[in-house]
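Asker: Quick one: the structure is below, and I'll ask about it shortly.
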DNA sequence: ATAGGGTTAG
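Below you can see the structure in the form of structure tokens.
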């Protein structure tokens with residue numbers, strides 16, 4: 001009773017008074033601490049339990065494993081896995097599912113997979129956890145294959161399982177697959193819970209179709225703050241700031257209280273649509289009316305907002321005066337703005353602060369800085385940066401682009417020649433470029449940082465994965481149908497121009513999902529207003 | 001009076 005009311009101190013008092021504790025009393029106490037978020041007390045009680053009992057039971061173990069998951073304490077997780085082994089409980093489906101989930105959330109997919117593969121009996125939850133694990137660790141494609149395998153083995157999914165499948169589609173941005181999954185959900189008459197509905201909104205939005213996302217939204221009887229935030233975010237990253245603001249007002253009118261994430265979504269929406277004043281107003285409203293303390297993400301949105309509008313000094317002083325810890329994304333936003341406006345000095349300052357944080361994708365930031373130097377014609381500095389990168393063995397993350405054709409996903413990666421039609425595609429791309437150039441396209445070799453001649457630079461631009469994917473898409477899909485591509489990095493300026501001309505010359509709608517947002521290309525223009 | 005899986009940003 002006490003643990004149910006989060007009165008864990010009282011519960012512990014009573015617990016200490018019990019002379020002969022059985023496994024049930026231990027598990028209630030451990031679970032009580034776990035529910036309350038007291039991970040130190042939870043682990044301590046668990047240790048006492050192990051010491052006093054002959055062996056731990058399979059009720060208590062999942063509880064502590066879950067705490068390891070929530071705190072991503074892999075070390076503790078592995079220790080508990082050893083205990084599980086020692087007592088031969090690794091084939092218990094409850095314990096095993098908890099372990100798989102813990103490994104996945106700690107991003108060690110190999111251990112999750114080994115655990116899953118060696119299990120004797122897998123039930124719905126175990127499969128669901130593993131499907132989620134693959135998505136979590138960046139193999140959404142694998143997740144969808146697992147879902148097929150699960151069905152082959154006769155396991156019938158429920159709505160929680162479907163949330164994980166829907167998430168995999170969202171991560172992939174695979175529209176055909178999304179439609180198939182949607183049909184499946186409708187056909188099997190799953191109860192459209194708030195969570196499943198919200199996940200589907202997110203899926204459609206991330207597959208590039210806000211309209212379908214909205215249809216789901218409209219049909220949902222019950223919506224929570226997450227549902228509204230997902231819809232607002234969707235309009236935001238599709239560059240439809242006006243509608244994001246409309247939905248935000250509607251949300252307030254229904255009496256729904258926005259949270260910290262809602263404000264990140266709406267601020268982000270403002271920045272992507274260049275609605276500076278609206279964004280700044282919301283930033284103060286958030287603090288004054290809703291008592292939401294701005295975190296580093298909110299500040300990043302505002303820096304982005306100011307930076308894109310060219311108000312670099314305000315952005316930079318906002319960063320200087322803020323009282324919370326600065327992170328990679330924050331400085332990255334400032335650096336990005338410097339790139340747009342060619343502000344070399346501020347870029348150097350941002351890059352210096354950024355690199356002090358020893359970021360994981362240092363290579364990316366160096367490249368951004370090198371881009372800024374290149375634009376300013378400072379080739380010596382470009383060379384210096386490249387040398388630094390070589391010395392530190394920093395590599396550029398290889399760019400890839402995916403396109404879904406006939407329910408199959410084709411991936412194009414720089415330097416990867418595995419696509420069977422690649423030679424043909426290169427020929428077609430050359431031919432396409434000729435047409436585009438006749439229409440006015442001029443390749444922008446400023447985006448090539450290698451110190452080679454103009455002709456070589458043009459050659460390098462040819463290999464950009466989005467160009468290959470689009471060329472392939474043009475011939476592999478019916479005339480007039482939209483082309484949807486997903487890529488892992490941001491579109492380069494030259495490819496952005498290239499795609500504009502494709503939409504004009506081939507008369508196609510091209511929808512690009514990049515690392516940050518969506519671009520809808522139509523009749524030679526892009527929805528981002530060349531601002532990304 | 002005890003156990004494992006789910007949604008929004010970046």
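Residue numbers (the UniProt record's numbering): 1 to 532. Glycine included, C-beta positions come from ideal geometry on N, C-alpha and C. Small disclaimer: the values here were computed from a predicted structure and weren't measured.
1. Would residue 544 pass as a contact of residue 469 if the rule is Cβ separation under 9 Å?
2. Return the Cβ separation of residue 129 and residue 74 in integer angstroms, given the expectation that the two are a contact with Cβ distance under 8 Å.
3. Using DSSP's beta-bridge definition, name the partner residues of residue 518.
4. In three-state terms, what does DSSP make of residue 358?
5. I'd like to know if the segment 291-307 and the segment 329-336 are in contact, where contact means that at least 3 CB-CB pairs between them fall below 8 Å.
6. So who's on the other strand from residue 411, going by DSSP bridges?
7. Thinking C-beta only, is residue 140 closer than 9 Å to residue 101?
8. Buried or exposed: which applies to residue 293, given that a residue is buried once 16 or more other Cβ atoms fall within 10 Å of its Cβ?
9. In three-state DSSP terms, what is residue 60?
10. Tell me the DSSP secondary structure of residue 483 in three-state form.
11. By alpha-carbon positions, which one of 465, 443 and 427 ends up nearest to residue 455?
12. In this structure, how does DSSP classify residue 492 when only helix, strand and coil are distinguished?
13. In the structure shown, what three-state DSSP assignment does residue 526 receive?
14. If you check the beta carbons only, do residue 525 and residue 500 fall under 9 Å apart?
15. Under 6 Å Cβ to Cβ from residue 278, same chain only, skipping five residues before and after it: list those, please.
16. If you drop the 5 nearest sequence neighbours on each side, which residues of the same chain put their C-beta closer than 7 Å to that of residue 392?
17. Suppose you measure from the CA of residue 377 to the CA of residue 484; what does that come to, to the nearest Å?
18. How close, in whole Å, do the beta carbons of residue 60 and residue 25 come, if the pair is a contact with beta carbons under 8 Å?
19. Along the chain, where does the alpha helix (DSSP H) containing residue 465 start, and where does it finish?
20. Relative to the C-alpha of residue 506, which candidate in 464, 431, 166 and 491 has its C-alpha closest?
21. Roughly how many angstroms separate the alpha carbons of residue 180 and residue 110, rounded to a whole number?
22. Quick check on this structure: which residue in 423, 436 and 459 has the alpha carbon closest to the alpha carbon of residue 447?
23. Looking at residue 174: is its Cβ nearer than 9 Å to the Cβ of residue 126?
24. Pull up the distance between the alpha-carbon of residue 424 and that of residue 417, whole angstroms please.
25. Label residue 172 either buried or exposed according to how many other C-beta atoms from any shown protein chain fall within 10 Å of its C-beta, with 16 as the threshold for buried.
26. I'd like to check one pair, residue 309 with residue 276: are the Cβ atoms closer than 9 Å?
27. Go ahead and pull the three-state DSSP assignment for residue 93.
28. Residue 231 and residue 201: beta carbons closer than 9 Å?
29. Taking the alpha helix (DSSP H) that residue 300 belongs to, which residues open and close that run?
30. Please list, in chain order, all residues of the same chain as residue 103 whose beta carbon is under 6 Å from its beta carbon, the five residues on each side excluded.
31. Within a Cβ cutoff of 6 Å, which residues of the same chain sit near residue 210, ignoring the five residues on either side of it in sequence?
32. What residue range does the alpha helix (DSSP H) around residue 127 cover?
33. Can you name the start and end residues of the alpha helix (DSSP H) that residue 212 belongs to?
34. Apart from the five residues on each side of it in sequence, which residues of its chain come closer than 6 Å, Cβ to Cβ, to residue 49?
35. So for residue 347, helix, strand or coil by DSSP?
36. Under DSSP, the alpha helix (DSSP H) around residue 417 begins and ends at which residues?
Answerer: Working from what's here:
1. Outside the shown range of the chain, which is 1 to 532, sits residue 544, and nothing can be said about it.
2. Taking a contact as a CB-CB distance under 8 Å, the pair residue 129 and residue 74 does not count as one, their CB atoms being some 17 Å apart.
3. 513
4. coil
5. yes
6. 402
7. no
8. exposed
9. helix
10. strand
11. Ranking the options by Cα distance to residue 455, first place goes to 443.
12. Three-state result, residue 492: coil.
13. The DSSP-derived three-state label of residue 526 is strand.
14. yes
15. 270
16. none
17. Going by the C-alpha atoms only, they are around 35 Å apart.
18. Going by Cβ atoms, the distance from residue 60 to residue 25 rounds to 10 Å, so no, they are not a contact pair.
19. 465-476
20. 431
21. 29 Å
22. Considering only alpha carbons, the answer is 459.
23. no
24. 12 Å
25. buried
26. yes
27. helix
28. Their beta carbons are under 9 Å apart, which means residue 231 touches residue 201 by this criterion.
29. 296-308
30. 111 and 112
31. 234 and 238
32. 124-136
33. 210-219
34. 26
35. Residue 347 falls in the helix class under three-state DSSP.
36. Careful: residue 417 lies outside any alpha helix (DSSP H) and carries neither H nor E.
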